[in-house]
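Asker: In this note's numbering, the protein residues as written are 128 to 593.
Note that CB positions come from ideal geometry on N, CA and C, so glycine has one too.
I have a structure I would like to understand better, so I am pasting it below and will then ask my questions one at a time.
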Ligand code: SAH
């Protein structure tokens, strides 16, 4: 299998410095599964191409595996020596190690500069077809050229194969291009040749942490890259999404009960859900997105009301989403009900197109789980990009904590809360958001009202004209 990297950035032969491979030499490297060779079919000042040729030993590959799962022939006749896959990714990491890390002896500044680069992969298997390939590379700013490969050129009637010739071109840093290829080629190919273990997650985060988190196909890529090993997918995504949200997941898991126990005498949770539900009902909204839906308590209530035709629950915690799916008996709902509700994993502090197009959004007891410096990102995501007609936000009223007998003074209600605001603090935030984003605002207390301290929960209703 072959990977050609080219540049037209002059002098193009600087590519040799960037890859740490001299254009005039043929160099070879021993790998566990074969040999890799680097050579330059073209190296002049205008255009320079480095070829990485990977020579895989197909017999060595299956020797010792012996599971015979694909029949005896498949053991020896397979596409692995030819199609770009995780083998090529391993070769990239080995042979172009310094370039992948952004280093270059002699051209340090160029290594950090976006330059016109092209990558050509003569054979890439994509069972998901052309679209799967485009969806991976185009959001990263590449122009993508794809040519289908016939099963056999001599027998056109056999039709197309699942293989493609791929060429991508873009103005990027070499390190970025290599990192994109390192993650995306195996994800597209979807068939890892080695056992997917915990260290794979580390590799994925290390190689792709700075771009995969914001990629629209993030979940698909991580799923495929890690070959749908669920537990690995979880930790990879959580870490990509944000270390902070990863904490949320663990903190929630360990201490879920704490907040409830403190608030229980009031059954505050029920009052809160009831208040939010009645606001949503009265607004006439037909589609609702529940931001930070947690274990789906509100979703269950929304499902019971026919008014809500389309309901989306979003949370960063897969554990919470699993619990929600169980609670709501998602797998047993009749199709007419099932179609109304969707659960997705997502971080609310990244722009997410899936949140767009809803009449109303609510974030019930969620903002206090975010670090204050992340709130502006949440604000943009919800109020600038998604922009529903109605946004309902609830959060604890810190002043009221004095009424909770079990809560020591100065402590927060939940160990994962990053803050709890007084009424004045919440009002200041909400007023600023409403003013910046062109929303009207109403602030309402939820729960029994203490004459001096207010209610235990505070609720903000943001509305904008249709
Ligand atoms: N709304 C639910 C859950 C509240 S707990 C209820 O009232 O029952 C807060 C939830 O917000 C948790 O499930 C947590 O995983 C989620 N969360 C916290 N920070 C988040 C973020 N940045 N993106 C998405 N979800 C987040």
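#1: Provide the residue span of the alpha helix (DSSP H) that contains residue 552, from first to last.
#2: For residue 245, does the three-state DSSP call read helix, strand or coil?
#3: Could you check whether the Cβ of residue 401 sits closer than 6 Å to any heavy atom belonging to ligand 1?
#4: Between which two residues does the beta strand (DSSP E) carrying residue 440 extend?
#5: Let me check one thing: in DSSP terms, what residues is residue 519 bridge-paired to?
#6: Looking at the secondary structure, which residues open and close the alpha helix (DSSP H) in which residue 216 lies?
#7: Opposite residue 463 in the DSSP bridges: which residues?
#8: Can you tell me whether residue 84 is buried or exposed? The criterion is at least 16 other CB atoms within 10 Å of its CB, across all chains shown.
#9: Per DSSP, residue 157 forms a beta bridge with which residues?
#10: Could you check whether the Cβ of residue 444 sits closer than 6 Å to any heavy atom belonging to ligand 1?
#11: Measure the alpha-carbon distance for residue 593 versus residue 295 and round it to whole angstroms.
#12: So is the beta-carbon of residue 286 under 6 Å away from any non-hydrogen atom of ligand 1?
#13: Check whether the region 512–532 touches the region 471–491, taking contact to mean three or more Cβ pairs, one atom from each stretch, closer than 8 Å.
#14: If you drop the 5 nearest sequence neighbours on each side, which residues of the same chain put their C-beta closer than 8 Å to that of residue 287?
#15: Going by the beta-carbon positions, is the gap between residue 519 and residue 588 smaller than 7 Å?
#16: Here's the rule: buried if 16 or more other CB atoms are within 10 angstroms of the residue's CB, otherwise exposed. What is residue 456?
#17: If you compare alpha carbons, which of 562, 505 and 490 is closest to residue 586?
#18: Would you say residue 305 and residue 219 are within 7 Å of each other, going by their C-beta atoms?
#19: Can you tell me whether DSSP reads residue 347 as helix, strand or coil?
#20: On the premise that residue 250 lies in contact with residue 261, defined as a C-beta separation below 8 Å, what is that separation, rounded to the nearest angstrom?
#21: Does DSSP put residue 290 in a helix, in a strand, or in coil?
#22: Within its chain, find whatever has a CB closer than 8 Å to the CB of residue 530; leave out the 5 residues flanking it on each side and keep chain order.
#23: What residue from 182, 401, 176 and 505 has the CA that sits closest to residue 166's CA?
#24: Quick one: give me the first and last residue of the alpha helix (DSSP H) that residue 503 is part of.
#25: Work out the CA separation of residue 347 and residue 319 for me, nearest whole Å.
#26: Count the other C-beta atoms from every protein chain shown that fall within 10 angstroms of the C-beta of residue 148, then say buried if there are 16 or more, exposed otherwise.
#27: Can you tell me which of 410, 400 and 565 puts its alpha carbon nearest to the alpha carbon of residue 423?
#28: Tell whether a beta-carbon distance below 7 Å holds between residue 135 and residue 142.
#29: Please identify the residue among 182, 475, 450 and 303 whose C-alpha is closest to the C-alpha of residue 336.
#30: Helix, strand or coil: how does DSSP classify residue 179 here?
#31: Return yes when at least one heavy atom of ligand 1 lies under 6 Å from the C-beta of residue 474, else no.
#32: Whole angstroms is fine: what's the gap from residue 435's alpha carbon to residue 559's?
#33: Beta carbon of residue 505, beta carbon of residue 549: below 7 Å?
#34: If contacts are defined as beta-carbon pairs under 8 Å, then residue 163 and residue 146 qualify, I think. What distance do you get, rounded to the angstrom?
#35: So is the beta-carbon of residue 492 under 6 Å away from any non-hydrogen atom of ligand 1?
#36: Whose C-beta lies closer than 6 Å to the C-beta of residue 247 among residues of the same chain, with five residues either side of it excluded?
Answerer: In short:
#1: 550–564
#2: strand
#3: no
#4: From DSSP, the beta strand (DSSP E) with residue 440 extends over 437–442.
#5: 489 and 588
#6: 213–222
#7: Its beta-bridge partners do not exist; DSSP assigns none.
#8: One cannot answer for residue 84 here, as it falls past the ends of the chain, which runs 128 to 593.
#9: Under DSSP, residue 157 takes part in a beta bridge, and its partners are 162.
#10: yes
#11: 42 Å
#12: no
#13: yes
#14: These residues qualify, in order along the chain: 275, 276, 277 and 278.
#15: Closer than 7 Å, so yes.
#16: exposed
#17: Nearest neighbour of residue 586 by Cα position, chosen from 562, 505 and 490, turns out to be 490.
#18: yes
#19: Three-state result, residue 347: helix.
#20: Wrong, their Cβ atoms sit about 17 Å apart, outside the cutoff.
#21: strand
#22: 577, 580 and 583
#23: 176
#24: 502–506
#25: In this prediction, residue 319 has a pLDDT of 46, which is less than 50 and means its spatial position is unreliable; nothing more can be read from the coordinates.
#26: buried
#27: 400
#28: For residue 135 and residue 142, no; Cβs fall outside 7 Å.
#29: Checked all of 182, 475, 450 and 303; the closest Cα to residue 336 is 303.
#30: Strand at residue 179.
#31: yes
#32: 30 Å
#33: no
#34: The pair is not a contact, with the Cβ atoms about 13 Å apart (cut-off 8 Å).
#35: yes
#36: The residues are 131 and 294.
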